[in-house]
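Undergrad: Numbering (my numbering), first residue to last: 338 to 761.
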Amino acid sequence: MYTLRRRRIGCWTAVATVVLATVGLMRWWTAPIDIPRPQRPPEPADNPYDVYRSLAAYTAQIFRNDPMLSYAEQELFPSRYNLRLDRPELTGYLLRRMSPVRREYRRYLRKPCVVIMEYTPVWQFPELAEFRRWASIEALDIALAAQEEDYARAVENYRTVLLLAEQIRTQGNMLHHLVGSAMQAVVNRRMSEILPLLPVAPCEQLVAAVREWEKYRVPPEQAIAVERAALLSLLHDLYAGKVDAMRVVAENRALMRWNPRWLNLRRAAHELNTYLQQVETELSRPIVHQKQLEPPRHPVVRLLMPIYEGLALSTAEATTRIRLLGCAAAVRAYRLKHGSYPRSLSDAGVADLDKDPFTGGNFVYKPAEKGFLLYSVGKDGKDDGGWLMAERARGEGDISLLPFMGRPRGAGGEPEKGEPVWLK
């Protein structure tokens, strides 16, 4: 009898232990996220981004309502990489219509600016398309100014886009950074094409513009910090069962079978936070020193995780070409003054710009009688003697001022390389 009683007590104790352990496990598994919900940084007084959004909305409106303006844009920009100057009547019309907008955003270029956004998946950025349009129009005027030999205007247009692109990146997400790189790439190409025409004074103005841009440059890791804050906020909303957050994971039926609280979102938040902090650290390093990180295991984090490699490469390429242009302008100014090329970029007075984002070292500079080579060794960290990487394939090769596009994707064959570009 005593033994039976002890057995019953033992059984009930075991059952109670299992129940308590199960309840404890359930409470731990469904516990709320213990990382505080991130808040947006305070906006500066008279935030220029608010003005830029209004100007972008106005730009979209006039292009919608003016068929002549839309026609001019189609004719003058036949492709992403090309523009035309053989239609002066269309060029003049487009620049006249855009003149008030261009004047207005120039007033705010040196004021503190913060992207206006909320950490919610439904927030839209229609202004970004117009920012890219502004950069194309500035590039058009750079080419026109060079044709008219008004090189100071060309440099000022270039400086405008460099500074504007950094403003629209400040406290912005990956999309803002990618758009900023695209804006800079458009004007950098035009400025690089007219570099052989520049006299001494515009070359020196160009170096000054690049140095000013360096003061305002927003590093790509800031975009990851914003993505991390936005995704942590999304996880908080998902735990609370908010509809907009639920829609983000709605396509994954395996996840949507469960109430969000059963997805162990506390663990997801910690994995996401740790992983993206590591990404920020990696992006602060030169490209060739960045490590491939082990992706998070939590299925929700895998679903939400941004692909940051494209951000790192596009930002590094844009930064490289801007610095290369500043260095090349200094070398050209030196030759025009002294009749020969400097022995080094330090002798040209641009040691501060001689920083390769891909390696963390210096650019390759090789002067010769016929000109000079100036390039970055690119993402593989290997000096290919100036033979250029094909932009479409993003294969091996160096990076110079002007991009070498290579064969269209899907054309087959080994990735080709462009011939070295000799500058003067």
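Note that CB positions come from ideal geometry on N, CA and C, so glycine has one too.
Terminal residues of the continuous alpha helix (DSSP H) containing residue 704?
TA: Note, residue 704: premise wrong, no alpha helix (DSSP H); beta strand (DSSP E) at 701-705.
Undergrad: Please state whether the Cβ-Cβ distance between residue 539 and residue 761 is less than 7 Å.
TA: No, they are not a contact pair.
Undergrad: So what does residue 755 bridge to, in DSSP terms?
TA: 725.
Undergrad: Out of 759, 634, 675 and 493, which one is the CA nearest neighbour of residue 547?
TA: Here the closest residue by C-alpha is 493.
Undergrad: Roughly how many angstroms lie between the CA atoms of residue 609 and residue 600, to the nearest whole one?
TA: Rounded to the nearest angstrom, the two C-alpha atoms are 14 Å apart.
Undergrad: Ignore the nearest five residues each way along the sequence and tell me which others in residue 491's own chain have a CB closer than 6 Å to its CB.
TA: Contacts found: 479, 482 and 483.
Undergrad: Tell me which same chain residues have a C-beta within less than 7 Å of the C-beta of residue 402, skipping the five on either side of it?
TA: No residues qualify anywhere along the chain.
Undergrad: When the Cα atoms are used, what is the spatial distance from residue 663 to residue 386?
TA: When rounded, the distance between both Cα atoms is 28 Å.
Undergrad: Quick check on the DSSP output: the alpha helix (DSSP H) that includes residue 710 runs from which residue to which?
TA: Careful: residue 710 lies outside any alpha helix (DSSP H), inside the beta strand (DSSP E) at 708-712.
Undergrad: Whole angstroms are fine: how far does the CA of residue 690 sit from the CA of residue 671?
TA: Approximately 15 Å, taken between the alpha carbons.
Undergrad: Which first and last residues belong to the alpha helix (DSSP H) in which residue 544 is found?
TA: Note, residue 544: alpha helix (DSSP H), 537-553.
Undergrad: Suppose you measure from the CA of residue 469 to the CA of residue 569; what does that come to, to the nearest Å?
TA: About 29 Å.
Undergrad: Determine the extent of the alpha helix (DSSP H) in which residue 396 is found, giving its start and end residues.
TA: First-last of the alpha helix (DSSP H) with residue 396: 385-402.
Undergrad: Near residue 504, what residues of its chain come up, given a Cβ to Cβ distance below 6 Å and the 5 sequence neighbours on each side ignored?
TA: Contacts found: 450.
Undergrad: Helix, strand or coil: which one does DSSP assign to residue 365?
TA: Only weak support is given to the placement of residue 365: the predicted model assigns it a pLDDT of 47, under 50, and the value that follows is read from those uncertain coordinates. Helix, per DSSP.
Undergrad: Here's the rule: buried if 16 or more other CB atoms are within 10 angstroms of the residue's CB, otherwise exposed. What is residue 471?
TA: Flag for residue 471 reads buried.
Undergrad: For residue 544, tell me which candidate among 399, 567, 740 and 660 has the shortest Cα-Cα distance.
TA: Residue 660 is the option with its Cα nearest to residue 544.
Undergrad: Can you tell me whether DSSP reads residue 735 as helix, strand or coil?
TA: Of the three classes helix, strand and coil, the one that applies to residue 735 here is strand, per DSSP.
Undergrad: Can you say whether residue 687 is buried or exposed, counting buried as having 16 or more other CB atoms within 10 angstroms of its CB?
TA: Flag for residue 687 reads buried.
Undergrad: Just to confirm, are residue 613 and residue 511 a CB contact at a threshold of 7 Å?
TA: Contact flag unset, no.
Undergrad: Just mark residue 369 as buried or exposed, buried being the case when its beta carbon has 16 or more other beta carbons within 10 Å.
TA: Result: exposed.
Undergrad: For residue 760, list the residues DSSP reports as bridge partners.
TA: Its beta-bridge partners are 709.
Undergrad: Which stretch, first to last residue, makes up the alpha helix (DSSP H) that contains residue 520?
TA: Per DSSP, residue 520 belongs to the alpha helix (DSSP H) from 511-531.
Undergrad: Mapping DSSP to helix, strand and coil, what is residue 452?
TA: In this structure, residue 452 counts as coil in the three-state DSSP scheme.
Undergrad: Tell me, to the nearest whole angstrom, how far the beta carbon of residue 674 is from that of residue 537; I am working on the premise that it is less than 8 Å.
TA: About 6 Å separates the two Cβ atoms, so the contact holds.
Undergrad: Three Cβ pairs or more, each shorter than 8 Å: is that satisfied between the segment 632-644 and the segment 692-708?
TA: Counting Cβ pairs under 8 Å, fewer than three are found: no touch.
Undergrad: Cβ of residue 602 within 7 Å of Cβ of residue 572?
TA: Their beta carbons are under 7 Å apart, which means residue 602 touches residue 572 by this criterion.
Undergrad: Out of 440, 720, 629 and 507, point me to the one whose CA is closest to residue 555's CA.
TA: Cα-wise, what sits closest to residue 555 is 507.
Undergrad: Taking the beta carbon of residue 567 as the centre, do at least 16 other beta carbons fall within 10 Å, making it buried, or is it exposed?
TA: Buried, since its Cβ has 16 or more Cβ neighbours within 10 Å.
Undergrad: Go ahead and pull the three-state DSSP assignment for residue 381.
TA: Here residue 381 sits in coil by DSSP.
Undergrad: If I'm right that residue 428 touches residue 477 with Cβ under 8 Å, what's the distance once you round it to whole angstroms?
TA: Right, their Cβ atoms sit about 7 Å apart.
Undergrad: Are the Cβ atoms of residue 396 and residue 452 separated by less than 7 Å?
TA: Contact flag unset, no.
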